[in-house]
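Residues in the sequence shown are numbered from 4 upward in steps of one, following this note's numbering. Positions of the beta carbon are idealized from the N, C-alpha and C atoms, including for glycine.
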Amino acid sequence: MQPLVVLALALCALPGIALVQADLYPTLPNDDTVWEAGVKQTVVWKDDGKAPLLQDIMPFKLELQTGTDMQQSTLAVFATDVSPNRTTFDVVIPKDIGPSGKVYFFRFTIPGGDIKWTTRFTLAGTETSLNKSSLSPSKSSVSTGPATSVSSSNTGANTATLPADSAGKSRATNGGTGRYASTVFYNMGVLPLLEVLAGLLLIVYPGLLLFALD
(Lines of atoms letter the chains of each structure in order from A; the text may use other names.)
(Lines give C-alpha, C1' and ligand atoms only; values in the text may rest on other atoms or scores of the structure.)
Protein backbone atom coordinates (compact mmCIF):
# COMPACT_ATOMS: atom_id res chain seq x y z
CA MET A 4 0.00 0.00 0.00
CA GLN A 5 2.86 2.40 0.64
CA PRO A 6 3.75 2.84 -3.06
CA LEU A 7 0.16 3.87 -3.79
CA VAL A 8 0.22 6.45 -1.02
CA VAL A 9 3.52 7.91 -2.21
CA LEU A 10 2.32 8.05 -5.83
CA ALA A 11 -0.96 9.75 -4.95
CA LEU A 12 0.74 12.38 -2.81
CA ALA A 13 3.42 12.99 -5.43
CA LEU A 14 0.88 13.51 -8.18
CA CYS A 15 -1.15 15.94 -6.10
CA ALA A 16 1.99 17.92 -5.27
CA LEU A 17 3.06 18.41 -8.88
CA PRO A 18 2.98 22.08 -9.98
CA GLY A 19 0.04 22.99 -12.20
CA ILE A 20 -2.17 20.12 -11.04
CA ALA A 21 -5.42 21.09 -9.37
CA LEU A 22 -8.42 18.87 -8.79
CA VAL A 23 -10.66 21.96 -8.65
CA GLN A 24 -10.49 24.32 -11.61
CA ALA A 25 -11.94 27.80 -11.81
CA ASP A 26 -14.77 28.64 -14.17
CA LEU A 27 -15.04 31.87 -16.11
CA TYR A 28 -18.71 32.55 -16.80
CA PRO A 29 -19.48 34.58 -19.97
CA THR A 30 -22.55 36.84 -19.66
CA LEU A 31 -22.46 39.00 -22.82
CA PRO A 32 -23.10 38.50 -25.66
CA ASN A 33 -25.96 36.12 -24.91
CA ASP A 34 -28.83 34.43 -26.72
CA ASP A 35 -30.80 37.69 -27.03
CA THR A 36 -27.87 39.88 -28.10
CA VAL A 37 -27.95 41.67 -31.46
CA TRP A 38 -24.68 43.43 -32.26
CA GLU A 39 -24.00 45.78 -35.16
CA ALA A 40 -20.85 45.01 -37.11
CA GLY A 41 -18.29 47.80 -37.27
CA VAL A 42 -19.41 49.26 -33.93
CA LYS A 43 -17.61 48.94 -30.60
CA GLN A 44 -19.18 46.22 -28.45
CA THR A 45 -18.26 44.86 -25.03
CA VAL A 46 -17.70 41.19 -24.17
CA VAL A 47 -18.54 40.59 -20.49
CA TRP A 48 -17.82 37.72 -18.09
CA LYS A 49 -17.85 37.11 -14.34
CA ASP A 50 -16.38 34.91 -11.63
CA ASP A 51 -18.43 31.82 -10.83
CA GLY A 52 -17.49 32.10 -7.16
CA LYS A 53 -15.28 29.02 -7.07
CA ALA A 54 -11.58 28.99 -6.20
CA PRO A 55 -9.24 30.09 -7.64
CA LEU A 56 -10.53 33.61 -8.19
CA LEU A 57 -10.41 35.32 -11.57
CA GLN A 58 -7.43 37.36 -10.40
CA ASP A 59 -5.49 34.12 -9.97
CA ILE A 60 -6.20 32.79 -13.47
CA MET A 61 -3.67 33.26 -16.26
CA PRO A 62 -4.51 35.67 -19.12
CA PHE A 63 -6.68 34.00 -21.75
CA LYS A 64 -7.17 34.11 -25.51
CA LEU A 65 -10.39 35.64 -26.88
CA GLU A 66 -11.63 34.43 -30.27
CA LEU A 67 -14.70 35.01 -32.41
CA GLN A 68 -16.01 31.76 -33.85
CA THR A 69 -18.81 30.30 -35.92
CA GLY A 70 -19.83 26.75 -36.79
CA THR A 71 -21.58 23.81 -35.20
CA ASP A 72 -21.49 22.50 -31.63
CA MET A 73 -19.02 19.79 -32.65
CA GLN A 74 -16.85 21.77 -35.07
CA GLN A 75 -16.05 25.46 -35.01
CA SER A 76 -14.17 27.93 -37.20
CA THR A 77 -12.13 30.75 -35.70
CA LEU A 78 -12.94 33.93 -37.59
CA ALA A 79 -10.75 36.28 -35.56
CA VAL A 80 -8.39 36.26 -32.58
CA PHE A 81 -9.05 39.54 -30.78
CA ALA A 82 -6.45 39.08 -28.03
CA THR A 83 -4.15 36.46 -26.52
CA ASP A 84 -3.42 38.07 -23.15
CA VAL A 85 -6.72 39.26 -21.67
CA SER A 86 -6.65 39.52 -17.87
CA PRO A 87 -9.68 37.62 -16.48
CA ASN A 88 -9.84 40.02 -13.55
CA ARG A 89 -10.97 42.93 -15.75
CA THR A 90 -14.31 41.14 -16.62
CA THR A 91 -14.88 43.15 -19.84
CA PHE A 92 -13.18 43.53 -23.21
CA ASP A 93 -14.14 45.87 -26.06
CA VAL A 94 -14.17 44.59 -29.63
CA VAL A 95 -15.10 45.89 -33.07
CA ILE A 96 -16.27 43.10 -35.37
CA PRO A 97 -15.55 44.02 -39.02
CA LYS A 98 -18.43 44.30 -41.46
CA ASP A 99 -16.74 41.79 -43.77
CA ILE A 100 -16.36 39.07 -41.11
CA GLY A 101 -19.25 37.01 -42.53
CA PRO A 102 -23.02 37.04 -43.12
CA SER A 103 -25.51 38.66 -40.78
CA GLY A 104 -27.26 36.16 -38.54
CA LYS A 105 -27.29 34.29 -35.26
CA VAL A 106 -24.24 32.16 -36.05
CA TYR A 107 -21.47 33.72 -33.94
CA PHE A 108 -20.00 33.11 -30.48
CA PHE A 109 -16.85 33.94 -28.50
CA ARG A 110 -14.37 31.41 -27.16
CA PHE A 111 -12.30 31.95 -24.00
CA THR A 112 -9.17 29.76 -23.81
CA ILE A 113 -7.42 29.81 -20.41
CA PRO A 114 -3.88 28.32 -20.45
CA GLY A 115 -3.81 25.15 -18.36
CA GLY A 116 -7.47 25.61 -17.50
CA ASP A 117 -10.93 25.41 -18.95
CA ILE A 118 -12.40 26.53 -22.26
CA LYS A 119 -15.63 28.53 -22.29
CA TRP A 120 -17.96 29.82 -24.97
CA THR A 121 -20.71 32.39 -25.05
CA THR A 122 -24.05 31.34 -26.47
CA ARG A 123 -24.70 32.15 -30.12
CA PHE A 124 -25.57 35.78 -30.74
CA THR A 125 -26.83 37.75 -33.73
CA LEU A 126 -24.53 39.94 -35.80
CA ALA A 127 -26.21 42.52 -38.05
CA GLY A 128 -25.03 45.05 -40.61
CA THR A 129 -22.38 42.91 -42.29
CA GLU A 130 -21.36 43.32 -45.91
CA THR A 131 -20.36 39.73 -46.67
CA SER A 132 -22.50 37.15 -48.41
CA LEU A 133 -21.92 33.53 -47.40
CA ASN A 134 -23.81 30.30 -47.89
CA LYS A 135 -25.33 29.84 -44.43
CA SER A 136 -25.87 26.13 -45.08
CA SER A 137 -22.15 25.71 -44.44
CA LEU A 138 -22.80 26.73 -40.83
CA SER A 139 -25.64 24.27 -40.24
CA PRO A 140 -25.18 21.23 -37.94
CA SER A 141 -25.04 18.87 -40.90
CA LYS A 142 -22.17 20.70 -42.61
CA SER A 143 -18.54 21.39 -41.85
CA SER A 144 -17.42 24.85 -40.79
CA VAL A 145 -16.05 27.27 -43.36
CA SER A 146 -12.31 26.91 -43.89
CA THR A 147 -10.41 28.87 -46.52
CA GLY A 148 -7.41 30.30 -44.71
CA PRO A 149 -5.68 31.13 -41.43
CA ALA A 150 -7.20 33.26 -38.70
CA THR A 151 -6.24 36.91 -38.38
CA SER A 152 -4.67 37.84 -35.04
CA VAL A 153 -5.14 41.22 -33.39
CA SER A 154 -2.56 42.83 -31.14
CA SER A 155 -4.10 44.53 -28.12
CA SER A 156 -3.33 45.41 -24.52
CA ASN A 157 -4.95 43.59 -21.62
CA THR A 158 -5.09 46.73 -19.50
CA GLY A 159 -7.01 49.96 -19.82
CA ALA A 160 -9.97 50.45 -22.14
CA ASN A 161 -8.36 49.66 -25.48
CA THR A 162 -10.60 48.27 -28.20
CA ALA A 163 -9.45 45.38 -30.38
CA THR A 164 -10.20 45.89 -34.06
CA LEU A 165 -9.37 43.80 -37.11
CA PRO A 166 -7.57 45.09 -40.21
CA ALA A 167 -9.29 44.72 -43.56
CA ASP A 168 -8.37 41.58 -45.48
CA SER A 169 -6.04 41.85 -48.45
CA ALA A 170 -6.78 40.01 -51.71
CA GLY A 171 -10.09 38.81 -50.28
CA LYS A 172 -8.52 36.25 -47.96
CA SER A 173 -10.81 34.59 -45.46
CA ARG A 174 -10.10 34.68 -41.71
CA ALA A 175 -11.68 31.30 -41.08
CA THR A 176 -9.85 28.21 -39.87
CA ASN A 177 -11.17 24.88 -38.66
CA GLY A 178 -11.71 24.30 -34.97
CA GLY A 179 -10.26 21.06 -33.66
CA THR A 180 -12.64 20.04 -30.86
CA GLY A 181 -16.28 19.89 -29.90
CA ARG A 182 -17.69 23.05 -28.38
CA TYR A 183 -18.71 21.27 -25.22
CA ALA A 184 -15.84 18.76 -25.16
CA SER A 185 -14.11 18.11 -21.88
CA THR A 186 -10.92 20.04 -21.30
CA VAL A 187 -9.17 16.79 -20.41
CA PHE A 188 -9.90 15.33 -23.84
CA TYR A 189 -9.10 18.62 -25.57
CA ASN A 190 -5.76 19.09 -23.81
CA MET A 191 -4.65 15.47 -23.88
CA GLY A 192 -1.24 16.16 -22.38
CA VAL A 193 0.75 14.89 -19.45
CA LEU A 194 -0.64 17.12 -16.71
CA PRO A 195 -4.34 16.40 -17.41
CA LEU A 196 -3.64 12.66 -17.40
CA LEU A 197 -1.74 12.92 -14.13
CA GLU A 198 -4.57 14.95 -12.66
CA VAL A 199 -7.10 12.26 -13.56
CA LEU A 200 -4.83 9.53 -12.19
CA ALA A 201 -4.33 11.41 -8.93
CA GLY A 202 -8.08 11.84 -8.54
CA LEU A 203 -8.71 8.14 -9.13
CA LEU A 204 -6.07 7.15 -6.60
CA LEU A 205 -7.55 9.44 -3.98
CA ILE A 206 -10.96 7.86 -4.57
CA VAL A 207 -9.98 4.18 -4.56
CA TYR A 208 -7.19 4.26 -1.98
CA PRO A 209 -9.44 4.29 1.15
CA GLY A 210 -11.25 1.20 -0.12
CA LEU A 211 -8.00 -0.61 -0.86
CA LEU A 212 -6.69 0.27 2.59
CA LEU A 213 -9.78 -1.12 4.31
CA PHE A 214 -9.54 -4.28 2.19
CA ALA A 215 -5.91 -4.77 3.23
CA LEU A 216 -6.72 -4.34 6.90
CA ASP A 217 -9.47 -7.00 6.83
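- Shown here for Ala-127: same chain residues with a beta carbon closer than 8 Å to its own, the five before and five after excluded, namely Val-37, Trp-38, Glu-39, Ala-40 and Ser-103 in chain order.
- With respect to the C-alpha of Pro-97, the residue from Gln-74, Leu-78 and Thr-90 having the closest C-alpha is Leu-78.
- Assigned with DSSP and collapsed to three states, Gly-116 falls in coil, not helix or strand.
- Only buried fits Gly-70, as 16 or more other CB atoms lie within 10 angstroms of its CB.
- When DSSP assignments are scanned along the region 64–97, no uninterrupted stretch of alpha helix (DSSP H) that is 4 or more residues long falls wholly within it.
- Going by DSSP, Lys-53 is part of no beta strand (DSSP E) at all; its letter is neither H nor E.
- Just so you know, the alpha carbons of Val-94 and Phe-81 end up roughly 7 Å apart.
- In this structure, the CA atom of Met-73 is about 14 Å from the CA atom of Val-106.
- Here Phe-92 really is in contact with Leu-65; their C-beta atoms are around 6 Å apart, less than 8 Å.
- If you draw a straight line from the Cα of Pro-87 to the Cα of Leu-67, it comes to about 17 Å.
- Comparing alpha-carbon positions, the option among Thr-131, Asp-84 and Phe-109 lying closest to Asp-34 turns out to be Phe-109.
- Residue Leu-31 holds the alpha-carbon nearest to the alpha-carbon of Val-47 among Leu-31, Ile-113 and Asp-84.
- Taking C-beta atoms as the reference points, Phe-124 and Phe-63 fail to come closer than 7 Å.
- Between the C-alpha atoms of Ile-113 and Val-85 there is a straight-line separation of about 10 Å.
- Beta-carbon to beta-carbon, Thr-129 and Ile-100 are separated by about 6 Å, close enough to satisfy the 8 Å threshold.
- Between Lys-119 and Leu-203, the gap from beta carbon to beta carbon reaches 7 Å or more.
- The bridge partners DSSP lists for Thr-36 come to none.
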